[in-house]
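Residue numbers (this note's numbering): 15 to 351.
Using N, Cα and C, we set each Cβ at its ideal position, and we do this for glycine too.
Note that the structure is a prediction, hence the values are computed from the model and not measured.
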């Protein structure tokens with residue numbers, strides 16, 4: 015698919031034009047990519063000048079398929095870059111499979127030449143794997159945060175919608191690409207241009223790197239009860255070493271019985287059951303997104319006994335952790351074929 019007005023293939027004609035290279039990975043997120051490139055296109059249109067010139071590249075072929083199945087024609091394969099180029103790698107599903115040795119070698123080589131790199135959606139994984147985020151602040155899509163933390167302890171991962179740390183930029187996916195581009199447009203030019211681009215996008219709430227990705231707990235659960243939100247927040251922050259319901263109740267100045275009634279009234283389950291659901295959700299993410307052993311996944315989610323973990327997992331998902339890991343491998347094989 016090639017959309018009219020989407021590309022800027024001519025050679026930049028003005029010395030102040032910034033060249034941006036978008037690297038599309040297999041199964042990339044279309045919304046992350048299109049949000050970024052449309053923001054730049056609109057900036058050019060409003061300024062009536064080529065402020066930004068872009069190239070779209072892939073690693074191997076003349077087109078790359080996004081996670082929605084649409085094929086985007088690319089301008090070429092991974093190029094040699096100028097030191098003042100800005101690269102955005104666009105990730106999506108199956109980011110580990112898309113992170114090839116050739117891609118990592120190219121990223122490391124160009125980074126040594128001083129090229130600035132950004133990662134959209136799950137692509138911060140590529141930057142971290144290449145060693146570009148060591149000792150830096152970064153973000154990644156919330157669904158991939160658990161697995162990222164387990165693999166890259168040297169990265170200071172945040173829950174922000176986007177993060178800029180020197181010449182490394184990361185955005186969490188979806189509309190977060192717009193926020194990152196608006197920030198760059200404001201820095202490269204001025205706030206007025208960034209605001210005008212936002213208006214054209216009908217984007218009325220421009221977020222900063224202080225805004226977090228996920229909806230607030232009250233919005234997510236559909237209940238506005240401060241003590242319930244506090245308890246759920248403590249649960250989410252303590253999945254590896256679960257806190258007992260009695261201690262959770264004490265921390266919000268309630269009795270265990272009151273906490274039990276609160277959960278059953280608003281969430282139709284006990285605190286223990288809700289906590290177990292959170293831990294099993296995290297376990298499933300780790301099984302599907304990492305190569306961690308099943309035993310290490312169990313430990314990372316607060317299960318000291320592999321047999322207990324397997325029993326709880328089977329009751330929740332009607333399969334065992336080992337079969338879940340096997341089904342992931344089978345899906346990957348079908349995709350590669």
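Exercise. With DSSP as the reference, label residue 217 as helix, strand or coil.
Key: For the purposes of this step, residue 217 is taken as residue 203 along the chain shown, with counting starting at 1. Coil at residue 217, not helix or strand.
Quiz item: CA-CA distance, residue 203 and residue 96?
Solution: By 1-based counting over the chain shown, the position of residue 203 is 189. By 1-based counting over the chain shown, the position of residue 96 is 82. Distance between the alpha carbons of residue 203 and residue 96: 21 Å.
Quiz item: Which word fits residue 206, buried or exposed, when buried means at least 16 other C-beta atoms lie within 10 angstroms of its C-beta?
Solution: Taking the chain shown and counting its residues from 1, one reaches residue 206 at position 192. Result: exposed.
Exercise. Would you grab the beta carbon distance between residue 71 and residue 90 for me? Rounded to a whole angstrom, and I think it's under 8 Å.
Key: As a first step, residue 71 must be located in the chain shown, where it is residue number 57. As a first step, residue 90 must be located in the chain shown, where it is residue number 76. Confirmed, Cβ separation roughly 5 Å.
Quiz prompt | Rounded straight-line distance, which links the Cα of residue 261 to that of residue 151 | solution = Working through the chain shown from its first residue, we reach residue 151 at position 137. Working through the chain shown from its first residue, we reach residue 261 at position 247. Approximately 33 Å, taken between the alpha carbons.
Practice problem: Report the three-state DSSP secondary structure of residue 317 (helix, strand or coil). | Solution: Here residue 317 corresponds to residue number 303 of the chain shown, with the count starting at 1. DSSP places residue 317 in the coil class of the three-state scheme, outside both helix and strand.
Self-check item: Contact with chain B by residue 86, beta-carbon distance below 8 Å
Solution: Given the protein chain composition of this structure (a single chain), no chain B is represented.
Quiz item: What is the DSSP secondary structure of residue 248, counted as helix, strand or coil?
Solution: For the purposes of this step, residue 248 is taken as residue 234 along the chain shown, with counting starting at 1. Of the three classes helix, strand and coil, the one that applies to residue 248 here is helix, per DSSP.
Self-check item: With 16 other Cβ atoms within 10 Å as the buried cut-off, status of residue 66
Solution: What you label residue 66 is simply residue 52 of the chain shown in a count that begins at 1. Flag for residue 66 reads buried.
Exercise. Tell me residue 171's beta-bridge partners as DSSP assigns them.
Key: Counting from one through the chain shown, the residue named residue 171 turns up at place 157. BP columns for residue 171 point to 152.
Quiz item: By Cβ distance below 7 Å, which residues in the same chain neighbour residue 324 in space, the five residues on each side in sequence not counted?
Solution: For this step, residue 324 is matched to residue 310 along the chain shown. Here the set comprises 334 and 335.
Quiz item: Nearest-angstrom Cα distance between residue 62 and residue 111?
Solution: Your numbering for residue 62 matches position 48 in the chain shown. Your numbering for residue 111 matches position 97 in the chain shown. Each residue's Cα considered, the two are about 41 Å apart.
Exercise. Would you check if the region 214 to 228 and the region 238 to 251 touch, i.e. whether three or more CB-CB distances between them fall below 8 Å?
Key: Because the criterion of three Cβ pairs below 8 Å is not met, the region 238 to 251 and the region 214 to 228 do not touch.
Quiz item: Going straight from the alpha carbon of residue 257 to that of residue 224, what length do you get?
Solution: Counted from its first residue, the chain shown places residue 257 at position 243. Counted from its first residue, the chain shown places residue 224 at position 210. If you take the alpha carbons of residue 257 and residue 224, they lie about 28 Å apart.
Practice problem: Write down the C-beta distance between residue 136 and residue 158 rounded to the nearest angstrom, noting that I regard them as a contact closer than 8 Å. | Solution: Numbered from its first residue, the chain shown carries residue 136 at position 122. Numbered from its first residue, the chain shown carries residue 158 at position 144. With a contact defined as Cβ atoms closer than 8 Å, residue 136 and residue 158 qualify at about 5 Å.
Quiz item: By the 10 Å Cβ neighbour count, where 16 or more other Cβ atoms means buried, how is residue 76 classified, buried or exposed?
Solution: Here residue 76 corresponds to residue number 62 of the chain shown, with the count starting at 1. Exposed, by the Cβ-count rule.
Quiz item: Which residues in the same chain as residue 56 place their Cβ atom closer than 6 Å to its Cβ, once the five residues preceding and following it in sequence are excluded?
Solution: Taking the first residue of the chain shown as 1, we reach residue 56 at position 42. So the list reads 211 and 214, once near-sequence residues are dropped.
Quiz item: Does the pairing of the region 275 to 284 with the region 308 to 315 give three or more beta-carbon distances under 8 Å?
Solution: no
Practice problem: Using 10 angstroms around the beta-carbon of residue 267, count the other beta-carbons present and answer buried if the total reaches 16, otherwise exposed. | Solution: One-based indexing of the chain shown puts residue 267 at position 253. Exposed: under 16 other Cβ atoms inside 10 Å.
Quiz prompt | Test item: CB-CB of residue 299 and residue 108 under 8 Å | solution = The sequence position of residue 299 within the chain shown is 285, counting from 1. The sequence position of residue 108 within the chain shown is 94, counting from 1. By the CB criterion at 8 Å, residue 299 and residue 108 fall outside the cutoff.
Practice problem: Output the boundary residues of the beta strand (DSSP E) element that contains residue 183. | Solution: For the purposes of this step, residue 183 is identified with residue 169 of the chain shown, where counting begins at 1. Note, residue 183: beta strand (DSSP E), 182 to 185.
Quiz item: Is it true that the CB of residue 103 sits closer than 8 Å to the CB of residue 198?
Solution: The residue you call residue 198 lines up with position 184 of the chain shown. The residue you call residue 103 lines up with position 89 of the chain shown. Judged by beta-carbon spacing, residue 103 lies beyond the 8 Å limit of residue 198, meaning their Cβ atoms are not closer than that value.
Quiz prompt | Sequence-distant residues of the same chain with beta carbon closer than 7 Å to residue 327, five excluded per side | solution = As a working mapping, residue 327 is identified with position 313 in the chain shown. So the qualifying residues of the chain are 294, 297, 334 and 335.
Quiz prompt | Residues bridged to residue 177 (per DSSP) | solution = Translated into positions along the chain shown, residue 177 becomes position 163. Residue 177 is bridged to 184.
Practice problem: Find out if the Cβ-Cβ distance for the pair residue 220, residue 196 is shorter than 8 Å. | Solution: As a first step, residue 220 is located in the chain shown; it is residue number 206 there, counting from the start. As a first step, residue 196 is located in the chain shown; it is residue number 182 there, counting from the start. Yes.
Self-check item: Cβ-Cβ separation, residue 37 to residue 92 (assumed contact under 8 Å), whole Å
Solution: The count along the chain shown starts at 1 and reaches residue 92 at position 78. The count along the chain shown starts at 1 and reaches residue 37 at position 23. That pair is a contact at about 7 Å.
Quiz item: Apart from the five residues just before and just after residue 78, which ones in its own chain have a Cβ nearer than 8 Å to its Cβ?
Solution: Within the chain shown, residue 78 is the residue found at index 64, counting from 1. Result list for residue 78: 38, 39, 40, 42, 72, 85, 86 and 88, in chain order.
Quiz item: With 16 other CB atoms within 10 Å as the buried threshold, where does residue 144 fall?
Solution: Taking the first residue of the chain shown as 1, we reach residue 144 at position 130. Buried is the call here.
Self-check item: Beta-carbon contacts of residue 142 that lie in its chain and below 6 Å, excluding the five residues immediately before and after
Solution: Here the question's residue 142 lines up with position 128 in the chain shown. Result list for residue 142: 166 and 169, in chain order.
Quiz item: Nearest CA to the CA of residue 106: which residue from 276, 81 and 30?
Solution: Within the chain shown, the letter at position 92 stands for residue 106. Of the listed residues, the one whose Cα sits closest to residue 106 is 81.
Quiz item: What does residue 87 pair with, by DSSP beta-bridge criteria?
Solution: For the purposes of this step, residue 87 is taken as the residue at position 73 of the chain shown. Residue 87 pairs with 77.
Quiz item: With respect to the alpha helix (DSSP H) encompassing residue 116, which residues constitute its N-terminal and C-terminal limits?
Solution: Position 102 of the chain shown, counting from 1, holds the residue named residue 116. Unbroken alpha helix (DSSP H) run through residue 116: 115 to 126.
Quiz item: Name the DSSP bridge partner or partners of residue 104?
Solution: Taking the first residue of the chain shown as 1, we reach residue 104 at position 90. Residue 104 pairs with 38 and 134.
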